[in-house]
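What follows is one structure encoded as structure tokens, with my remarks underneath.
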Ligand SMILES: [Zn+2]
């Protein structure tokens with residue numbers, strides 16, 4: 020999976036979001052928002068990031084590259100590192116943070132989800148329940164999202 024992700028590049032939709040410093044809640048684990056220029060503090064990766072591993076004992080986080088030397092934690096040297104991704108059945112530690120973020124928004128733009136996971140539904144329902152305007156883009160996000168942002172930010176960009 021990392022091989023595929025390493026070959027992927029941010030598209031104009033990622034760039035449009037990073038250019039405007041728009042906070043992002045993503046279920047993707049590819050880190051493309053940060054690679055397009057979004058600040059770490061603007062990206063909530065609710066399913067984690069495949070570029071990171073952590074020690075279940077120390078709770079420290081490391082770049083995946085440390086596993087090229089050893090799969091053991093570089094700090095305690097005895098615990099096997101785990102990928103920092105949420106798998107089916109795992110808790111979603113940053114979901115509360117995502118829900119808190121949307122409380123301060125007036126618009127939620129949902130891009131590229133089939134709503135197959137309950138997480139996407141949950142966030143959309145939470146936004147709608149507090150009167151937030153929700154836009155869903157599932158096709159041609161590379162052109163549709165920048166155009167929508169231009170319309171929403173008219174006069175500002
Ligand atoms: Zn450790």
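In my numbering, the protein residues as written are 20 to 176.
Just so it is clear, CB atoms sit at the ideal spot from N, CA and C, and this is done for glycine as well.
Because the structure is a prediction, the values reported are computed rather than measured.
Handout entry: Beta-carbon spacing of residue 57, residue 71 below 8 Å
Key = no
Practice task
Return the bridge partner residues of residue 182 from the DSSP annotation.
Solution key: Nothing about residue 182 can be reported from this structure: the residues present for the chain run from 20 to 176 only.
Handout entry: Assumed close pair residue 121, residue 145 - CB separation to whole angstroms, cut-off 8 Å
Key = 6 Å
Handout entry: Spatial neighbours of residue 77 in its chain, beta-carbon cut-off 8 Å, leaving aside the 5 residues before and after
Key = 92, 94, 95 and 98
Handout entry: Whether residue 48 touches residue 68 by CB criterion (8 Å)
Key = yes
Exercise for the section: May I ask you to list the residues that DSSP assigns as paired with residue 81? Expected result: 72
Practice task
Mind checking which residues open and close the alpha helix (DSSP H) that includes residue 24?
Solution key: 21-26
Problem - Bounding residues of the beta strand (DSSP E) (the contiguous stretch that carries residue 64) - result: 62-64
Problem - Where residue 100 sits in the DSSP three-state scheme - result: coil
Exercise for the section: Answer yes or no: do residue 113 and residue 161 have a C-beta to C-beta separation smaller than 8 Å? Expected result: no
Problem - Spatial distance of residue 61 from residue 20 (CA atoms) - result: 25 Å
Handout entry: Contact set for residue 127: own chain, Cβ-Cβ below 8 Å, skip 5 residues either direction
Key = 121, 142, 143, 146, 151, 152, 153 and 154
Practice task
Grab me the residues of residue 35's own chain with a C-beta within less than 7 Å of its C-beta, minus the 5 sequence neighbours each way, in chain order.
Solution key: 164, 165 and 168
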